[in-house]
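> First the structure, then my questions, so here it is.
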Amino acid sequence: MRLAAALFLALVLAAPAAASESHPTLGELEGEVMCPTCKTTLDQSTAPIADRIRGFISARIAAGDTKSEIKRKLVLQFGPSVLAEPSKHGFNLLAWVLPFAGLGLGALALGALAWRWSRGRAVGAAKASGPALDSELEQRVDEELARFDG
Numbered sequence: 159m160r161l162a163a164a165l166f167l168a169l170v171l172a173a174p175a176a177a178s179e180s181h182p183t184l185g186e187l188e189g190e191v192m193c194p195t196c197k198t199t200l201d202q203s204t205a206p207i208a209d210r211i212r213g214f215i216s217a218r219i220a221a222g223d224t225k226s227e228i229k230r231k232l233v234l235q236f237g238p239s240v241l242a243e244p245s246k247h248g249f250n251l252l253a254w255v256l257p258f259a260g261l262g263l264g265a266l267a268l269g270a271l272a273w274r275w276s277r278g279r280a281v282g283a284a285k286a287s288g289p290a291l292d293s294e295l296e297q298r299v300d301e302e303l304a305r306f307d308g
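Residue numbers (the working numbering): 159 to 308.
If you want it as structure tokens, here you go:
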């Protein structure tokens, strides 16, 4: 049952991605392509080169190019830095892996700190309760409490 639900979810999420690949929009690509002049994405840039790149993208979309083809042509013309996301190969793979590794290590460190804090509080609470009562005094306290309750 869970496998079927997971498969269904994967298919539902994959359909828009496939449509986006074969029928990209200028709006999508503006957020994925960098302006070579101001080093921001095209959707944030007002530089003349950004306008020319937008025109190129619009022309390629009208010609029927896929998102990958358009990006590949932009990389050939401007180099890999024109893409807002690093490639998932070689050294650039670290840009994808390190944030998740950092999150995992951060969670471990936070867990260790929480454990130490809670252990410190338990030890502190035991110290705050004072020394143990002798058995005679403890019996008297129990009798008084029983009398009070009854």
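Built from N, CA and C at the ideal position, the CB exists for glycine as well.
Can you give the Cα-Cα distance for aspartate 201 and valine 191, rounded to whole angstroms?
In the sequence shown, the residue the question calls residue 201 occupies position 43. In the sequence shown, the residue the question calls residue 191 occupies position 33. Distance between the alpha carbons of aspartate 201 and valine 191: 9 Å.
> Measure the alpha-carbon distance for threonine 195 versus glutamate 179 and round it to whole angstroms.
As a working note, residue 195 is residue 37 in the sequence shown. As a working note, residue 179 is residue 21 in the sequence shown. Each residue's CA atom was taken as its position, placing threonine 195 and glutamate 179 some 27 Å apart.
> Here's the rule: buried if 16 or more other CB atoms are within 10 angstroms of the residue's CB, otherwise exposed. What is alanine 221?
The residue given as residue 221 occupies position 63 in the sequence shown. Exposed is the call here.
> Label lysine 229 either buried or exposed according to how many other C-beta atoms from any shown protein chain fall within 10 Å of its C-beta, with 16 as the threshold for buried.
On the sequence shown, residue 229 is found 71 positions in, with the first residue counted as 1. The residue is buried, with at least 16 neighbouring Cβ atoms inside 10 Å.
> Within a Cβ cutoff of 8 Å, which residues of the same chain sit near arginine 218, ignoring the five residues on either side of it in sequence?
The residue given as residue 218 occupies position 60 in the sequence shown. For arginine 218, where only same-chain residues beyond five positions count, the Cβ hits under 8 Å are Glu227, Ile228, Lys231.
> Count the other CB atoms within 10 Å of the CB of glutamate 296; is the residue buried (16 or more) or exposed (fewer)?
Residue numbering aside, residue 296 sits at position 138 when the sequence shown is read from its first letter. It counts as exposed.
> Are cysteine 193 and isoleucine 207 closer than 8 Å when you measure CB to CB?
For the purposes of this step, residue 193 is taken as residue 35 along the sequence shown, with counting starting at 1. For the purposes of this step, residue 207 is taken as residue 49 along the sequence shown, with counting starting at 1. Result yes, Cβ atoms of cysteine 193 and isoleucine 207 sit closer than 8 Å.
> Work out the CA separation of phenylalanine 236 and arginine 274 for me, nearest whole Å.
For the purposes of this step, residue 274 is identified with residue 116 of the sequence shown, where counting begins at 1. For the purposes of this step, residue 236 is identified with residue 78 of the sequence shown, where counting begins at 1. Computed Cα separation, rounded: 52 Å.
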